[in-house]
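For what it's worth, the working numbering labels the leading residue of the sequence shown as 2, then goes sequentially.
Glycine included, every Cβ here is placed at the ideal spot set by N, Cα and C.
Because the structure is a prediction, the values reported are computed rather than measured.
One structure below.
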Amino acid sequence: MKQSLIVILCLFLFHQALFAQSYIEKAHPEITELKQDDFKIHNKQGAYYNEQWAYHVILDNDAQIYVTYAVHHFAGLRNSSSSGRLSLLNWKGENYSSPREYDLNNLILQENPYKMKLHPERDIWIEGIPGFSEHHFHFKGKYEIHINFDQPYPGFKPGNGVFKLGDEDELGMFVHIPFSRVSGYIAEGQDTVKVSGIGFMDHIYQTNLATRLLESSYKFNGRTENGFSGGSFMVPKHSANEAIGYAYFYDGETLTLKNPEKVTVNKRKEVSGTKTPLDITVNYEDGSSDTFYFSEVEEKVAMLNELSAFKKLIIKPFLGGEVLFYRGRAQTNTKEEVYFNLSLVD
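Here it is in structure tokens:
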């Protein structure tokens with residue numbers, strides 16, 4: 002009987018290993034030049050198709066700006082929408098966030114220069130394609146924030162930028178701004194402050210809901226002694242911790258791309274009933290690895306809390322739980338400070 006159970010268990014594990022191998026089809030591990038169309042809405046098939054353009058700006062005064070522009074489809078569960086979410090951290094000693102969502106029919110797209118405006122009556126937009134024209138984003142709420150990306154380092158995609166999950170789903174991943182100096186302003190009423198710093202921008206699309214495709218995801222970026230670094234690691238469901246994504250490192254001369262093979266959570270800590278990673282190790286396909294120690298959480302966002310009680314009641318069971326985002330600072334095993342952004346489903 003015990004032998005039978007062992008055989009069954011071994012067959013099950015073998016099947017899981019085969020499933021994990023066939024479930025994921027990774028992009029080829031090389032740096033590929035971006036085209037203008039890579040920046041634009043892809044409009045892939047998928048009832049839950051969604052796409053996000055994510056910015057992280059670190060100002061010289063140590064304040065930070067996170068802005069994400071997105072389009073969402075919900076397969077009839079609710080109307081398709083566009084959204085913009087701003088987080089302004091440590092601005093004059095305070096944190097501020099502003100989520101905005103509009104019916105997708107209000108989205109305005111224009112060419113020459115390319116511009117995506119969420120609503121004709123709202124001053125929330127991005128303009129220009131990095132590497133092909135001047136690029137800036139604008140978000141007006143309580144604060145009016147305008148950021149220009151000055152001479153960004155050339156963007157890229159890993160291989161063709163497409164990762165296949167199963168027979169039907171895929172993720173597209175693009176790094177439009179691996180690093181850039183930035184300038185602009187932050188205004189509140191009549192008080193306008195000129196700002197400068199550094200910025201990063203990446204872009205993904207998914208043909209299904211992230212909660213259906215992924216167990217967790219991790220992003221990082223930062224400035225090194227001679228250059229900069231960044232990366233995005235996603236752990237798909239059914240993958241036995243196998244990861245997709247990329248990491249890039251610039252040493253002042255050469256940009257190096259690494260492809261994650263596996264993400265291991267080494268330690269967790271329970272925070273408000275959620276077991277949150279304290280540090281992770283990323284093993285790359287070239288045999289090297291990095292460990293990230295999450296030292297300081299500067300923002301925690303429970304996305305469903307930004308919905309009305311009625312919408313939350315409908316959507317939470319459908320998603321399979323609450324989607325949590327953590328942003329903050331981390332140390333690497335090489336003693337470099339980076340900024341992290343992790344998400345998981347509780």
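Alpha-carbon spacing of residue i relative to residue j, whole angstroms
| i | j | result |
| --- | --- | --- |
| proline 114 | isoleucine 125 | 16 Å |
| serine 350 | glutamate 122 | Only positions 2 to 347 of the chain appear in the structure, and residue 350 is not among them; the question remains open. |
| leucine 258 | proline 179 | 11 Å |
| valine 339 | valine 68 | 18 Å |
| isoleucine 25 | threonine 208 | 14 Å |
| proline 237 | alanine 331 | 23 Å |
| tyrosine 206 | histidine 74 | 12 Å |
| lysine 220 | histidine 57 | 11 Å |
| glutamate 300 | leucine 215 | 21 Å |
| lysine 195 | glutamate 243 | 44 Å |
| glycine 246 | proline 30 | 10 Å |
| glutamate 145 | alanine 55 | 18 Å |
| alanine 76 | aspartate 192 | 43 Å |
| lysine 263 | alanine 48 | 29 Å |
| leucine 256 | glycine 231 | 11 Å |
| histidine 137 | glycine 185 | 9 Å |
| glutamate 286 | glutamate 189 | 47 Å |
| serine 23 | lysine 165 | A caution first: serine 23 carries a pLDDT of 49, below 50, which makes its placement in the model unreliable, though a value can still be read off. Approximately 10 Å, taken between the alpha carbons. |
| glutamine 17 | threonine 277 | Residue placement at glutamine 17 cannot be trusted, given a pLDDT of 39 that sits under 50; what the coordinates show is reported in the next sentence. Each residue's Cα considered, the two are about 26 Å apart. |
| phenylalanine 234 | glycine 167 | 18 Å |
| threonine 333 | phenylalanine 133 | 34 Å |
| glycine 274 | serine 98 | 23 Å |
| aspartate 61 | tryptophan 92 | 11 Å |
| isoleucine 148 | lysine 41 | 19 Å |
| isoleucine 281 | threonine 335 | 14 Å |
| leucine 172 | arginine 213 | 12 Å |
Spatially closest choice to residue i from the options, by CA coordinates
| i | options | result |
| --- | --- | --- |
| alanine 28 | Asn260, Asn96, Arg269 and Asn267 | Asn260 |
| glutamine 37 | Ser81, Val266 and Glu135 | Glu135 |
| valine 183 | Phe201, Asp170, Gly173 and Leu172 | Phe201 |
| serine 83 | His120, His137 and Asn96 | His120 |
| asparagine 44 | Ile66, Met235, Leu35 and Ser81 | Ser81 |
| tyrosine 103 | Lys118, Glu112 and Asp170 | Lys118 |
| arginine 101 | Gln111, Gly129 and Phe140 | Phe140 |
| glycine 142 | Glu112, Gly85, Asn106 and Gly198 | Gly85 |
Strand pairing of residue i, partner residues [DSSP]
| i | result |
| --- | --- |
| aspartate 151 | Arg182 |
| glycine 232 | Phe221 and Ala248 |
| serine 82 | His73 and Asp104 |
| glutamine 111 | Lys116 |
| lysine 276 | Glu271 |
| asparagine 342 | Lys220 and Arg328 |
| asparagine 284 | Lys263 and Ser290 |
| tyrosine 144 | Tyrosine 144 is not bridged to any residue. |
| glycine 348 | Within the shown structure, residues of the chain are numbered from 2 to 347, placing residue 348 beyond reach of any answer. |
| glutamate 128 | Lys116 and His137 |
Own chain partners of residue i with C-beta closer than 6 Å, once the 5 adjacent residues on each side are dropped
| i | result |
| --- | --- |
| valine 176 | Gly156, Phe157 and Asp203 |
| phenylalanine 53 | Checking the displayed sequence, the identity of residue 53 turns out to be glutamine instead of phenylalanine. So the list reads Thr69, Ala71 and Ile205, once near-sequence residues are dropped. |
| methionine 174 | Gly162 and Ile205 |
| proline 153 | Pro131, Ile178 and Ser181 |
| asparagine 284 | Glu262, Lys263 and Ser290 |
| phenylalanine 1 | Lying before the first or after the last residue shown, residue 1 is absent from the chain, which here runs from 2 to 347. |
| isoleucine 59 | Gln65, Gly198 and Ile199 |
| asparagine 227 | Asp252 and Gly253 |
Beta-carbon contacts of residue i that lie in its chain and below 8 Å, excluding the five residues immediately before and after
| i | result |
| --- | --- |
| threonine 225 | Phe250, Tyr251, Asp252 and Glu337 |
| threonine 33 | Phe157, Lys158, Pro159, Gly160, Asn161 and Gly162 |
| phenylalanine 341 | Tyr219, Lys220, Phe221, Phe293, Phe295, Tyr327, Arg328, Gly329, Arg330 and Ala331 |
Same chain, Cβ closer than 7 Å to residue i, neighbours up to 5 away in sequence not counted
| i | result |
| --- | --- |
| leucine 345 | Ser217 and Leu325 |
| leucine 90 | Ala64, Gln65, Asn96, Glu299 and Glu300 |
| threonine 265 | Asn242, Ile281 and Thr282 |
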